[in-house]
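Notes follow the structure.
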Amino acid sequence: MSVDQIGKAIAGCRGVSEVHDLHVWEVASGFPSLSSHVLVGKDEDCHGIRRELEAMLNERFEIDHTTLQVDHRGEEHLLQISGSDAEPDHGKHFDARDSPGRA
Numbered sequence: 154m155s156v157d158q159i160g161k162a163i164a165g166c167r168g169v170s171e172v173h174d175l176h177v178w179e180v181a182s183g184f185p186s187l188s189s190h191v192l193v194g195k196d197e198d199c200h201g202i203r204r205e206l207e208a209m210l211n212e213r214f215e216i217d218h219t220t221l222q223v224d225h226r227g228e229e230h231l232l233q234i235s236g237s238d239a240e241p242d243h244g245k246h247f248d249a250r251d252s253p254g255r256a
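154 is the number of the first residue of the sequence shown in my numbering; add one for each residue after it.
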């Protein structure tokens, strides 16, 4: 299971504009878990997209334990530290514009 493949799959889903702080790990052997922050368009249904992402992650990657924080694009400045004193980036960052196709 590749974190890059998972990030690109999430970024390629309808309505998703950005994926960051993506973490994938195994709690126990064969029991993968995932957490990520996902940004969607301002007019998108963030709850509906979260449900679609959970279903896709289960189907394609057999990940059924997820913690997805889905917010509307434009709100990220409220959630993240910026500037020279910012903490280092945690996790991978995927932009939907870089995704080869939508899921």
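Where a beta carbon is used, it is the ideal one built from N, C-alpha and C, also for glycine.
The structure presented is a predicted model; accordingly, all values stated were derived computationally and were not measured.
Which residues in the same chain have their Cβ closer than 8 angstroms to the Cβ of D224, if we skip the five residues on either side of it in sequence?
H190, V191, L192, V193, C199, L232
Starting from D224 and walking both ways along the beta strand (DSSP E), at which residues does that stretch end?
218-225
Would DSSP call D157 helix, strand or coil?
helix
Give the secondary structure of E215 by DSSP, where H, G and I count as helix, E and B as strand, and everything else as coil.
coil
Helix, strand or coil for A164 per DSSP?
helix
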